[in-house]
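In our numbering, the protein residues as written are 1 to 403.
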């Protein structure tokens, strides 16, 4: 990826005034259709079909002819709305972008800088947007092929690296066609799609490329027939003990295999089965159960553990330990990228070890908004939630109400 540095005022002015540029989108405001069309532009800049070495820019507060809107003012609310483009879950994998207020020739503009993605294609609501000169539109089959071939192995995240010994038969192709593809790709695009199965697998990063249909790590995680045969740590463990440490008697345990979706689903079933404080029968028409822990908070923490865990150079699974006084959710892999031990969990600070797995979990409905899982859990749990953050693992620890 090109080095992520802010563009200078001179560079931004040149781009603002170049009406033929395919690296700039101008908007007078962020109202009406602009929130949608700006997201389409961000998606197109991230796909970078033209192969530019530098970023694309969206300028808010600028007319089509490049002149500034004199009465336009950049507010904190506008900057927040623009920053939400990265995390609202509509563009996947999440784009690398920067939002800032700039004053150019005495006029304020909101500047959204978008860097090319190393692992295209990038989708906005299931559609691949690209740019040809100053025009923007949906990718054709040849455009998709160019984007697929542009991925660089050396720069690719681990979740789209090839599993060299695996073959396409190690993927559940029926599940891909009937479950994953309809969840990822917009229905009208899917209905008009004339691409081959190999092209579809390559476009969704399940295999390396159409010419090299070797399953990727992502393919194994999402539609693999037996992921743990190829990725040693790709399973989960659940343990319920009657006590407050691991020396206490075990009352329930399970080792869970399958795709990431299978593991999440089964772990959440185990959590729901044990998450009962009491059952009321006598004076109600239907049986009522009260929860010992907020269910949605536990689900967010479990899904977060899978999305951010490391699958590289580790045989460790995701582990859920349920004690009498607390629940511990452990995932292998410590802080990544912009996230450190010091800023872990801070609102607005997020990074993705597995950006393409994050995209897949969003498509399958396990993630609604990028970077919000911890915030949702903290809102429900308050001081009952704390984290142990180490270089090799992260543990979310949820105390019981009476602990």
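Backbone N, C-alpha and C define an ideal beta-carbon position, used for all residues, glycine too.
Output the distance between the C-alpha atoms of residue i and residue j, rounded to the nearest integer angstrom.
i           : j           : result
residue 332 : residue 19  : 49 Å
residue 292 : residue 353 : 32 Å
residue 290 : residue 171 : 41 Å
residue 104 : residue 180 : 45 Å
residue 337 : residue 350 : 8 Å
residue 241 : residue 342 : 32 Å
residue 403 : residue 149 : Per-residue confidence for residue 403 stands at a pLDDT of 46, beneath the threshold of 50, marking its modelled position as unreliable; the derived number appears in the next sentence. If I take the Cα positions, the gap works out to 54 Å.
residue 114 : residue 71  : 26 Å
residue 233 : residue 138 : 38 Å
residue 9   : residue 15  : 10 Å
residue 194 : residue 140 : 10 Å
residue 123 : residue 86  : 12 Å
residue 62  : residue 229 : 55 Å
residue 164 : residue 67  : 53 Å
residue 275 : residue 378 : 18 Å
residue 381 : residue 297 : 7 Å
residue 389 : residue 313 : 19 Å
residue 271 : residue 192 : 41 Å
residue 196 : residue 365 : 26 Å
residue 304 : residue 206 : 22 Å
residue 263 : residue 145 : 32 Å
residue 160 : residue 69  : 43 Å
residue 246 : residue 395 : 15 Å
residue 256 : residue 217 : 19 Å
residue 265 : residue 120 : 28 Å
residue 277 : residue 29  : 52 Å
residue 11  : residue 58  : 13 Å
residue 386 : residue 373 : 14 Å
residue 60  : residue 109 : 6 Å
residue 2   : residue 51  : For residue 2, the pLDDT reaches just 42, beneath the cut-off of 50, and the residue's location in the model is therefore unreliable, although a value from the coordinates is still provided. Using only the alpha carbons, I get a separation of about 11 Å.
residue 17  : residue 118 : 28 Å
residue 177 : residue 204 : 11 Å
residue 74  : residue 254 : 54 Å
residue 208 : residue 158 : 12 Å
residue 371 : residue 168 : 32 Å
residue 213 : residue 156 : 17 Å
residue 397 : residue 132 : 50 Å
residue 309 : residue 358 : 11 Å
residue 456 : residue 173 : What the structure shows of the chain is the stretch from 1 to 403, and residue 456 is not part of that stretch, so it cannot be assessed.
residue 237 : residue 319 : 5 Å
Excluding the five sequence neighbours on either side, which residues of its own chain have a C-beta within less than 7 Å of the C-beta of residue i, listed in chain order?
i           : result
residue 347 : 375
residue 126 : 184, 185, 186 and 189
residue 268 : 299 and 302
residue 64  : 26
residue 136 : 40, 41, 44 and 129
Since residue i sits in a beta bridge, which residues does DSSP pair it with?
i           : result
residue 57  : 24 and 113
residue 398 : 327 and 385
residue 103 : 108
residue 32  : None, per the DSSP bridge assignment.
residue 129 : 138
residue 191 : Answer is none; residue 191 lacks a bridge partner.
residue 422 : The question about residue 422 has no answer, for the chain in this structure spans 1 to 403.
residue 96  : 115
Under 8 Å Cβ to Cβ from residue i, same chain only, skipping five residues before and after it: list those, please.
i           : result
residue 243 : 249, 323 and 324
residue 393 : 316, 330, 331, 332, 333 and 334
residue 91  : 39, 42, 43, 46, 85, 122, 123 and 124
residue 220 : 163, 166, 170, 171, 227, 230, 231 and 234
residue 251 : 240, 241 and 242
residue 13  : 104 and 105
residue 369 : 87, 88 and 89
So, for residue i: in the same chain, excluding its five sequence neighbours on each side, which residues have a beta-carbon less than 6 Å away from its beta-carbon?
i           : result
residue 100 : 111
residue 408 : The displayed coordinates of the chain run from 1 to 403. Any statement about residue 408 would go beyond what the structure contains.
residue 130 : 44, 47, 49, 139 and 143
residue 56  : 23, 45 and 114
residue 96  : 115
residue 399 : 326 and 384
residue 175 : 223
residue 427 : Nothing can be reported for residue 427, as the shown portion of the chain is limited to 1 through 403.
residue 321 : 239 and 328
residue 260 : 221 and 306
Counting only beta-carbon atoms, is residue i nearer than 8 Å to chain C?
i           : result
residue 321 : Included in the structure is just one protein chain, with no chain C present.
Original post:
What are the uninterrupted segments assigned as alpha helix (DSSP H) that are 4 or more residues long and contained completely in the region 200-281, given in chain order?
Top reply: Contiguous alpha helix (DSSP H) elements confined to the region 200-281 occur at 217-223 and 260-274, taking only those with 4 or more residues.
Original post:
With contact counted as at least three CB pairs below 8 Å, one residue from each stretch, are the region 16-36 and the region 77-90 in contact?
Top reply: Contact between the region 16-36 and the region 77-90 is established, with three or more Cβ pairs separated by less than 8 Å.
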